[in-house]
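Going by this note's numbering, the residue at position 109 of the sequence shown is 140; the numbering climbs one at a time, nothing skipped.
The beta carbon of each residue, even a glycine, is placed where N, CA and C say it ideally should be.
Before any comments, here is the structure.
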Amino acid sequence: MDLEVGVKMVGRVEEYIIKRIEDEKAVHMALIDPEKVTPELAALLSREIEASGSSAIMIGGTTLASVELLNDITRAVKSSVKIPVILFPNNVTGISGYADAIWFMSLLNSADPYFIFGAQTLAAPIIKRLGLEAIPLGYIIVGEGGAAGVIGKACPIPYNKPELAAAHALAAQFLGMRFIYLEAGSGASRPVPPEMIKMTRETVDVKIIVGGGIKTGAHAERAIKAGADIVVTGTALENSGIEKVRAKVAEIIEGMRRGAKNKFKGV
Ligand code: 1GP
């Protein structure tokens, strides 16, 4: 049964993401950490990333505290590419009016209410005032968790407890969130295991994003094959440098395409 909903909740960037997932079965997003690049480098990198077929640029970093720095980087990226620029905030300082949208995220397995609903309450009026599209996202930290786990005071879900990740994701879906992010932590030595992605996929209907420690086409292939809709890479692109970033994104996207052709086979 279709229901008429009075308020239009889904904005242009989200519609674009959903369309690309429907068309391509696997979407790549590149993460740029404002603390690791200059505006000039961010502009060059994002052009290369767009040219190699990535669907969006995400901007954020776990220890980011300078709105000025974020604004400089976001402005440089936004003026360099046509694909959407989506903020990936670590705190209320992760908001910039130069972006197209923001992942409006709650760290579901934090022990600190600030990261579940506190920062969001402070941020919401700013986001509205800036006219940013807010895309609701349940953020779940698993495995090593990295710096995001420490800063966000997460209780990371062990890799051998996929049912806990799936239960968190289902609770998020019941709360109305439209995306789930399984996060292993930036630079994680082991990406989110396929079994955890698969169980989450079998449990929820919302879109699943996977990131943290995805460094190769084979890693990306495994994540998509297990049921991820979106793969995010940051560290692998940073480490490639400007000369090799185009080839690295292409390798990851090729892996994702292979994964999309073999979805759910032999996971
Ligand atoms: C971190 O999931 C993202 O929040 C990306 O992780 O830097 O390991 O690619 P990497």
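Using C-beta distances below 6 angstroms, list every residue in its chain close to Pro193, excluding the 5 sequence neighbours before and after it, in chain order. Stepping through the sequence shown from its first residue, residue 193 is reached at position 162. Cβ within range, chain order: Glu226, Met227, Met230.
Opposite Gly169 in the DSSP bridges: which residues? As a position in the sequence shown, residue 169 is number 138, starting the count at 1. DSSP, once it has assigned bridges, lists Ser137, Ile211 as partnering Gly169.
Can you tell me whether DSSP reads Lys238 as helix, strand or coil? Along the sequence shown, one-based indexing puts residue 238 at 207. Strand.
To the nearest angstrom, report how far apart Ile158 and Gly297 are at their CA atoms. Along the sequence shown, one-based indexing puts residue 158 at 127. Along the sequence shown, one-based indexing puts residue 297 at 266. Whole-angstrom Cα-Cα distance: 43 angstroms.
Under the three-state DSSP convention, the category Leu118 falls into: If you number the sequence shown from 1, residue 118 lands on position 87. Three-state result, Leu118: strand.
Within the continuous alpha helix (DSSP H) that includes Met287, where are the two ends? By one-based count along the sequence shown, residue 287 stands at place 256. Its alpha helix (DSSP H) spans residues 266-292.
Could you spell out where the beta strand (DSSP E) holding Ile63 opens and where it closes? Translated into the one-based positions of the sequence shown, residue 63 becomes position 32. From DSSP, the beta strand (DSSP E) with Ile63 extends over 58-63.
Run through DSSP, which three-state label would Glu226 get? Counting from 1 along the sequence shown, the entry for residue 226 is found at position 195. Helix, per DSSP.
For Glu66, is the beta carbon positioned less than 8 angstroms from some heavy atom of the ligand 1GP? Within the sequence shown, the letter at position 35 stands for residue 66. Flag unset: Cβ of Glu66 not near the ligand 1GP.
For the pair the segment 55-67 and the segment 251-266, tell me if three or more CB-CB distances fall below 8 angstroms. yes
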